[in-house]
Amino acid sequence: MILVIAFESDLDVEVLEKINSNQIKSIVYIEKRVSFSEWDGKFELQKKIYYSHPDKVRIEKLDDLHEVEIINRYNYVYYNDRLDKIIVRQTIPKIELDIFDAFSMPYDSKTEFQGYETKGNITYNIFSFICNIDDTKYVKKIWTFEHEGISLPYKIEYFINNSIVSLSTFEYVSINKPIDDNLFRVDSLPQKNFAYDGCESAYFLNIEDALKYISFIPKISISGDYSLIKIEIIRIQEENVLRLNYNKDDVNIILNEKKANKNFKGYTVKSEGENIIINFIEDGVEIEISGKAEDYVDIMQFCSSITQKINFEAIDGEYYDE
Numbered sequence: 146m147i148l149v150i151a152f153e154s155d156l157d158v159e160v161l162e163k164i165n166s167n168q169i170k171s172i173v174y175i176e177k178r179v180s181f182s183e184w185d186g187k188f189e190l191q192k193k194i195y196y197s198h199p200d201k202v203r204i205e206k207l208d209d210l211h212e213v214e215i216i217n218r219y220n221y222v223y224y225n226d227r228l229d230k231i232i233v234r235q236t237i238p239k240i241e242l243d244i245f246d247a248f249s250m251p252y253d254s255k256t257e258f259q260g261y262e263t264k265g266n267i268t269y270n271i272f273s274f275i276c277n278i279d280d281t282k283y284v285k286k287i288w289t290f291e292h293e294g295i296s297l298p299y300k301i302e303y304f305i306n307n308s309i310v311s312l313s314t315f316e317y318v319s320i321n322k323p324i325d326d327n328l329f330r331v332d333s334l335p336q337k338n339f340a341y342d343g344c345e346s347a348y349f350l351n352i353e354d355a356l357k358y359i360s361f362i363p364k365i366s367i368s369g370d371y372s373l374i375k376i377e378i379i380r381i382q383e384e385n386v387l388r389l390n391y392n393k394d395d396v397n398i399i400l401n402e403k404k405a406n407k408n409f410k411g412y413t414v415k416s417e418g419e420n421i422i423i424n425f426i427e428d429g430v431e432i433e434i435s436g437k438a439e440d441y442v443d444i445m446q447f448c449s450s451i452t453q454k455i456n457f458e459a460i461d462g463e464y465y466d467e
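Per my numbering, the sequence shown starts with residue 146, numbered consecutively.
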């Protein structure tokens, strides 16, 4: 093994550019992860992953419990050998794999190119992403190598205050080679009954990342009183629905939005159990706002932060139906 340390170099920019332009059409690899916890000790996990661009993935956990997850376009499938059924849900094809996320830089982090390491005939570039939040130091250290112009991770280490918390290594079986499409089908699993179980949410860190899965411009609260705490997309009746969860003190409000496929003027305010639900359409977007009935005033104020075309605060407890 040969290790070369180099802190000042333009090579880190060149390598990161190759990483950001990855063109992986298909890949099969094994990921081995070891996590270290002060409370739970050492935990090991091994997975075999099949990915076919852009919307198919199969993840097999290689341990005592044979567990398989499949995303095939708008279907999410879950199986393990202890269940008496296969769970099927609607979803969106948001594929999240560690080999893709490996090169994302944590918020407000500093990137350091730390040199090379050579094993056999492979040279690895070593990077560190360093982030300080309050009094805590977070470091992600990554070893990359190049395969036919594509940079891939070989090893990733995570540290908190200089103590290692996880180590992942990646063994590549095939890169950009054909994968049997049957692997992404539900009939590739042992025969069991199906349980159709609603939808599988896809979560996002910001609105911008969610936009590519919807075909409308979403309405966002303009009030600074409410914090956007969760962004997700769910798929209902073959339509993608943007769900935004807002919070103010102890008040929780859910805003659902989808492309309008009907004509409707005005609004409806309905009660459903302990909740109230407000529906209206604006600028081609069908909007549903819901929360607890006890928070009626807050919900109406929130509606006014979404649209100024309806004077919700003047409704004063009146309920309208279509």
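Using N, Cα and C, we set each Cβ at its ideal position, and we do this for glycine too.
### Query
Among 297, 281, 183, which residue has its Cα nearest to the Cα of residue 287?
297
### Query
What separation, rounded to the nearest whole angstrom, lies between the Cα atoms of residue 377 and residue 226?
30 Å
### Own chain partners of residue 114 with C-beta closer than 7 Å, once the 5 adjacent residues on each side are dropped
Past the boundaries of the shown model lies residue 114; the chain is included only from 146 to 467, so the question cannot be answered.
### Task
Output the boundary residues of the beta strand (DSSP E) element that contains residue 197.
It spans 186 to 197 - the beta strand (DSSP E) in which residue 197 sits, taken as one unbroken run.
### Message
Checking the sheet assignment: what are the DSSP bridge partners for residue 406?
### Response
DSSP output for residue 406 lists no bridge partner at all.
### Continuous alpha helix (DSSP H) stretch holding residue 355: start and end
352 to 355
### Query
What is the DSSP secondary structure of residue 182, reduced to helix, strand or coil?
strand
### Query
Would residue 197 be called buried (16 or more neighbouring beta carbons within 10 Å of its own) or exposed?
buried
### Query
By how many angstroms is the C-alpha of residue 372 removed from the C-alpha of residue 452?
For the pair residue 452 and residue 372, the Cα-to-Cα distance works out to about 17 Å.
### Message
Our contact map puts residue 367 next to residue 435 with C-beta atoms below 8 Å; I'd like the distance itself, whole angstroms only.
### Response
Not a contact, Cβ separation roughly 19 Å.
### Task
Count the other CB atoms, across all protein chains shown, that sit within 10 Å of the CB of residue 448; report buried if there are 16 or more and exposed otherwise.
buried
### Task
Answer with buried or exposed for residue 340, where buried requires no fewer than 16 other C-beta atoms within 10 angstroms of its C-beta.
exposed
#### Entry: Between the CA atoms of residue 418 and residue 440 - distance to the nearest angstrom
Taken atom to atom, the span from the alpha-carbon of residue 440 to that of residue 418 is near 14 Å.
### Distance between beta carbons of residue 269 and residue 289, contact taken as under 8 Å
6 Å
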